[in-house]
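Protein chains: 2
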Amino acid sequence: MDFCQEKIIHVEKVRIASDLLPKPYILGPLAEIFKALGDQTRLKIVFALSACELCVCDIAAVCNLSESATSHQLKILRMLKIVKFRKEGKIVYYRLADEHVSSIIKQSMDHVSEYKFVTMY
Amino acid sequence: MDFCQEKIIHVEKVRIASDLLPKPYILGPLAEIFKALGDQTRLKIVFALSACELCVCDIAAVCNLSESATSHQLKILRMLKIVKFRKEGKIVYYRLADEHVSSIIKQSMDHVSEYKFVTMY
DNA sequence: TTGACATATGAACAGATGTTCATACATTTG
DNA sequence: CAAATGTATGAACATCTGTTCATATGTCAA
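Chains as they are written, first to last, in the working numbering: chain C, 1267 to 1387; chain R, 1267 to 1387.
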């Protein structure tokens, strides 16, 4: 460890910030959700599903993935409650879990758009 | 590859969803941002900074990290424009880059809260 | 200029992650 | 029931990631 000499430079601010940190049982799932969205494959899937409900086969086509890879990633999104699904015979339809997910996607787009002239490559 | 036999089950939906997919130069940075927030250490840092502006030493204290680890993670958040910073002598103060970041954090909290009784462990 | 200190960075290592391939499961049809 | 088809899953592998440790940079004070 190598904390700065004067112990803590701004004691009061550190206290305030510490109080605001989510409890571990919140922070964990939260990080998991972002991690899930932090993969281009899964992010593509989420964007695709933000358009409409799709079956695994559709998603694979839209995202240019094997159905196996698609299924693996859908499992992750499912477990994290980022997507929901319903079965109709042997076909499984997926969709986004709630509006929070859509909103997160939207806000992130807005954030990126603001910097698009800088980050474009 | 192993696409389903009937080629594409729902041609029109696949077209709509495909059109909605962000271009690669948007999707890439977007995934990078989520990936950055998908690490508990960095997510902690972002939450801490959502409280107030903090110096590296403060952040290390709040997040219970070595200053080296803190600095490494701040560099990533900096490059992704998730945080901004200003120097005051030898002390460097960090804060969140914009309101989109705050909003993303908030929405994700709301999402998790909705499922807290299920996901709590 | 020299020492002290806040922050940054490079290398390296252990652990995590996404894909592929093979195979299993479930549902429909004949 | 058997075959066909849509989806799911386990193992394995190469790649990526976050931390630590050592060291470097930049700023202030004496």
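Heads up, the beta-carbon is just placed ideally off N, CA and C, and yes, glycines get one too.
- request: Take the Cβ of His1338/C as the centre, count every other Cβ of all protein chains shown within 10 Å, and call the residue buried at 16 or more, exposed below.
  value: exposed
Rounded separation between Val1367/C and Lys1347/C - CA only: 10 Å
query: beta strand (DSSP E) containing Lys1350/C: first to last residue?
result: 1349-1354
query: Can you list the alpha helix (DSSP H) stretches of 4 or more residues lying completely in the region 1306-1377 of chain R, in chain order?
result: 1306-1317, 1322-1329, 1333-1345
- prompt: Using a beta-carbon distance cut-off of less than 8 Å, what residues from the region 1291-1316 of chain R approach chain C?
  reply: Tyr1291, Ile1292, Leu1293, Gly1294, Pro1295, Leu1296, Ala1297, Glu1298, Ile1299, Phe1300, Lys1301, Ala1302, Leu1303, Gly1304, Asp1305, Gln1306, Leu1309, Lys1310, Phe1313, Ala1314, Leu1315, Ser1316
- prompt: Counting only beta-carbon atoms, is Ile1342/R nearer than 8 Å to chain C?
  reply: no
message: Can you tell me whether Ser1379/C is buried or exposed? The criterion is at least 16 other CB atoms within 10 Å of its CB, across all chains shown.
response: exposed
- request: Measure from the C-beta of Gln1373/C to each C-beta in chain R and report whether the shortest distance is under 8 Å.
  value: yes
query: Given a threshold of 16 other Cβ atoms within 10 Å of its Cβ, counted over all protein chains shown, does Asp1376/C qualify as buried or as exposed?
result: exposed
- prompt: So is Ala1283/R in contact with chain C if we call contact Cβ pairs under 8 Å?
  reply: yes
- prompt: Looking at C-alpha atoms only, which residue of Tyr1360/R, Gln1373/R, Ser1374/R is the closest neighbour of Ala1317/R?
  reply: Tyr1360/R
- request: Identify the contact partners of Lys1279/R in chain C, using a Cβ-Cβ distance below 7 Å as the criterion.
  value: Cys1318, Leu1320, Asp1324
- prompt: Between Ala1326/R and the rest of its own chain, which residues show a CB-CB distance below 6 Å, the 5 nearest in sequence each way excluded?
  reply: Glu1333, Thr1336
query: Excluding the five sequence neighbours on either side, which residues of its own chain have a C-beta within less than 6 Å of the C-beta of Leu1287/C, listed in chain order?
result: none
query: For Pro1295/C, is the classification buried or exposed, using 16 other Cβ atoms within 10 angstroms of its Cβ as the cut-off for buried?
result: buried
field: From Leu1320/C, Ile1311/C, Gln1306/C, residue whose alpha carbon lies closest to that of Arg1352/C
entry: Leu1320/C
field: Length of the line joining the Cα atoms of Gln1306/R and Leu1293/C
entry: 7 Å
query: Are the Cβ atoms of Leu1340/C and Phe1300/R separated by less than 8 Å?
result: no
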